[in-house]
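To start, the structure itself, in structure tokens.
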Amino acid sequence: MTWDMITMFTILIEAVYVPFSIGFNTSQPMAFNWFSTILFMIDIVLNFMTGFFKDGLQVMRERFIVLNYLKTWFVLDVLSTFPWFLLSGDENS
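For the sequence shown, this note's numbering begins at 12 and goes up steadily by one.
What follows is the structure, encoded as structure tokens:
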């Protein structure tokens with residue numbers, strides 16, 4: 012529950028600050044960029060250990076969890092967690 016609240020709060024900050032920084036040509040602090048990137052990288056690892064429901068039954072077998080995550084959210088999670096700010100070349104982006 013605490014992990015979910017931390018990630019939700021981080022997503023909320025990102026959802027407000029990214030459009031603000033684009034609209035007003037400002038940049039996020041590098042520390043926050045790294046914080047959110049590392050947080051979501053940890054979340055990817057945790058998703059490989061989180062069960063899911065299929066046909067009303069909770070699946071907790073590691074092999075099935077990994078396969079399900081790789082087939083569903085993994086690619087989107089990796090693309091959204093990649094530290095794109097490193098490619099901009101700007102020290103303060």
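Positions of the beta carbon are idealized from the N, C-alpha and C atoms, including for glycine.
For Ser47, the number of other beta carbons within 10 angstroms of its own is at least 16, and it is reported as buried. The Cβ atoms of Tyr80 and Asn44 lie no closer than 7 Å to each other. Within the same chain, Ser47 come within 8 Å of Glu25 by CB-CB distance, once the 5 residues on both sides are set aside. For the pair Gly62 and Met71, the CB atoms are nearer than the 7 Å cut-off. For the set Val29, Gly34, Leu98, the Cα lying nearest the Cα of Pro40 is the one of Val29.
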